[in-house]
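Chains as they are written, first to last, in the numbering used here: chain A, 5 to 229; chain B, 5 to 229.
As structure tokens, this is what we get:
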């Protein structure tokens, strides 16, 4: 299935770009609850996107990210506005995970096409990619913004064929978010779950094609190394 | 707004019926991770419903509840099948929270109409209500099953007018789940959040009419005590 891949389509946050390390830089300002805060933030942020999908109430990911952070700061009794600003700013300048630049370079050398498909709105996504060392790797940076609904709605995954002209069966989709991986697999993409945290597989629809620990295993998985 | 109420519509799990106390009876069998397990179970269960909504992949709440439990048992390294069976069985025989019988009786005496609107499928919901001391209180036990999608999709909240013939503005909706309360408020129900845990308000669409600590405050809130 993966041997037919024409294009690798990556989730951005948590898959290519490292949210945790950016936030870690602000650990001293946040104090002892830094880890709990950032874990809750990511969790609430994603939950709010699912809830807005069910409510038919799309809003830009940037807004949802801020609303989730406000909840988490309140839950942790943190009212210092400078922490909010620092964390939101950190979200705009994430770095790729260590193995990402070499992996993308190897795939490019083999002629593989590469794209991003993200919940992020273009105003937050495109500057982050442009400022990162892999800015030239992607032929398309696809945002859910154009369909007004978040993952794992099928309208999001359909953007790949609409914009890149590749049938779902020839796409290799990669996400570190298990629910995104299942959503993509349920839609019809051969999908690799980048299980960076070694979590159990979620009990969700969609059968995963493979599971890797990080992206360094991808070229050999696709037979292009 | 609440003064116009013709019918009070309650969420079931966590609002009328106490999930935590039922699971607590099995604490000794589960061991030290009992609290963490049950918290994760409820969280995953609800997340799976939101994800299935986005994927267009409805399944009975009973199935989703079991899939969530399987994830949580794996995440906690628990492989004893008797624990799974005990917890699933516990879910079928939950007790109402202590203040519920007297509250519902007071509302009934005042002529208030009462109903349940739940994610639960009828096979799990109806026996639980029938076996509980408030079995006669409700004119309708409405399940998402008939619309094939979970809360907070508007199709679920529309069931109240369709089945009970009451316009949304004359419904008082009650949920201990903040996201359900926001979903109902966004739909158009005057909504009271039963904030049993004293949590911060979620940053979600929909404006809540009121917030109470438990249901004992409801009759006076509606002016019927």
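Glycine included, C-beta positions come from ideal geometry on N, C-alpha and C. Given the structure is predicted, the values throughout are model-derived calculations rather than measurements.
Please report the distance separating the alpha-carbon of residue i from that of residue j.
{"i": "residue 20(B)", "j": "residue 97(A)", "result": "45 Å"}
{"i": "residue 45(A)", "j": "residue 72(A)", "result": "6 Å"}
{"i": "residue 160(B)", "j": "residue 51(B)", "result": "17 Å"}
{"i": "residue 133(A)", "j": "residue 202(B)", "result": "40 Å"}
{"i": "residue 216(B)", "j": "residue 39(A)", "result": "31 Å"}
{"i": "residue 129(B)", "j": "residue 163(B)", "result": "16 Å"}
{"i": "residue 199(B)", "j": "residue 93(A)", "result": "32 Å"}
{"i": "residue 165(B)", "j": "residue 107(B)", "result": "24 Å"}
{"i": "residue 123(A)", "j": "residue 152(A)", "result": "10 Å"}
{"i": "residue 214(B)", "j": "residue 226(B)", "result": "11 Å"}
{"i": "residue 84(A)", "j": "residue 28(A)", "result": "17 Å"}
{"i": "residue 167(A)", "j": "residue 109(A)", "result": "23 Å"}
{"i": "residue 127(B)", "j": "residue 112(B)", "result": "26 Å"}
{"i": "residue 145(A)", "j": "residue 116(A)", "result": "16 Å"}
{"i": "residue 41(B)", "j": "residue 30(B)", "result": "12 Å"}
{"i": "residue 62(B)", "j": "residue 221(B)", "result": "35 Å"}
{"i": "residue 95(B)", "j": "residue 47(B)", "result": "15 Å"}
{"i": "residue 189(A)", "j": "residue 224(A)", "result": "21 Å"}
{"i": "residue 24(B)", "j": "residue 140(A)", "result": "52 Å"}
{"i": "residue 82(A)", "j": "residue 26(A)", "result": "19 Å"}
{"i": "residue 90(B)", "j": "residue 90(A)", "result": "46 Å"}
For residue i, return the contacting residues in chain A, with the cut-off set at a CB-CB distance below 9 Å.
{"i": "residue 15(B)", "result": "Neighbours of residue 15(B) on chain A: none; closest Cβ ~15 Å, over 9 Å."}
Excluding the 5 residues flanking residue i on each side, which residues of the same chain have their C-beta closer than 7 Å to its C-beta?
{"i": "residue 125(A)", "result": "64, 65, 66, 147, 149"}
{"i": "residue 88(A)", "result": "73, 77"}
{"i": "residue 104(B)", "result": "20, 138, 219"}
{"i": "residue 185(B)", "result": "179, 195, 197, 212"}
{"i": "residue 155(B)", "result": "123, 148, 184, 187"}
{"i": "residue 170(B)", "result": "10, 11, 164"}
{"i": "residue 70(B)", "result": "92"}
{"i": "residue 60(B)", "result": "none"}
Here's a check: name, in chain order, each residue in its chain whose Cβ is nearer than 6 Å to the Cβ of residue i, leaving out the five neighbours to either side.
{"i": "residue 193(B)", "result": "172, 175, 177"}
{"i": "residue 5(A)", "result": "194, 213"}
{"i": "residue 191(B)", "result": "158, 161"}
{"i": "residue 142(B)", "result": "118, 119, 120"}
{"i": "residue 13(A)", "result": "119, 121, 164, 175, 177"}
{"i": "residue 114(B)", "result": "228"}
{"i": "residue 75(A)", "result": "48"}
Would you call residue i buried or exposed, if buried means 16 or more other Cβ atoms sit within 10 Å of its Cβ?
{"i": "residue 232(A)", "result": "This structure cannot speak to residue 232(A), because chain A is shown only from 5 to 229."}
{"i": "residue 8(A)", "result": "exposed"}
{"i": "residue 56(B)", "result": "buried"}
{"i": "residue 187(B)", "result": "buried"}
{"i": "residue 157(B)", "result": "buried"}
{"i": "residue 33(B)", "result": "exposed"}
{"i": "residue 211(A)", "result": "exposed"}
{"i": "residue 131(B)", "result": "exposed"}
{"i": "residue 135(B)", "result": "exposed"}
{"i": "residue 15(A)", "result": "buried"}
{"i": "residue 18(A)", "result": "buried"}
{"i": "residue 86(B)", "result": "exposed"}
{"i": "residue 58(B)", "result": "buried"}
Please list the partners that residue i has in chain B, where partner means a Cβ-to-Cβ separation under 9 Å.
{"i": "residue 126(A)", "result": "The contacting residues do not exist; residue 126(A) stays about 21 Å from chain B at best."}
Below 7 Å on C-beta distance, what does residue i contact in chain A?
{"i": "residue 59(B)", "result": "156, 187, 190, 209"}
Which residues in chain B have a C-beta closer than 8 Å to the C-beta of residue i? List them in chain order.
{"i": "residue 55(A)", "result": "54, 156, 183, 186, 187, 208"}
{"i": "residue 51(A)", "result": "51, 54, 183"}
Can you name the residues of chain A whose CB is closer than 8 Å to the CB of residue i?
{"i": "residue 204(B)", "result": "75, 78, 79"}
Under 8 Å Cβ to Cβ from residue i, same chain only, skipping five residues before and after it: list those, please.
{"i": "residue 182(A)", "result": "197, 199, 203, 205, 206, 208"}
{"i": "residue 79(B)", "result": "44"}
{"i": "residue 22(B)", "result": "98, 99, 100, 101"}
{"i": "residue 68(A)", "result": "49, 52, 53, 56"}
Does any C-beta atom of chain D lie closer than 9 Å to the C-beta of residue i?
{"i": "residue 153(B)", "result": "Protein chains in the displayed structure are A and B, and chain D is not among them."}
| Proximal residues, the segment 69-97 of chain B versus chain A, C-beta separation under 7 Å | From the segment 69-97 of chain B, only 71, 72, 74, 75, 78, 79 have a Cβ closer than 7 Å to chain A.
| said: Please list, in chain order, the residues of the segment 26-49 of chain A that have any C-beta partner in chain B closer than 7 Å. | reply: none
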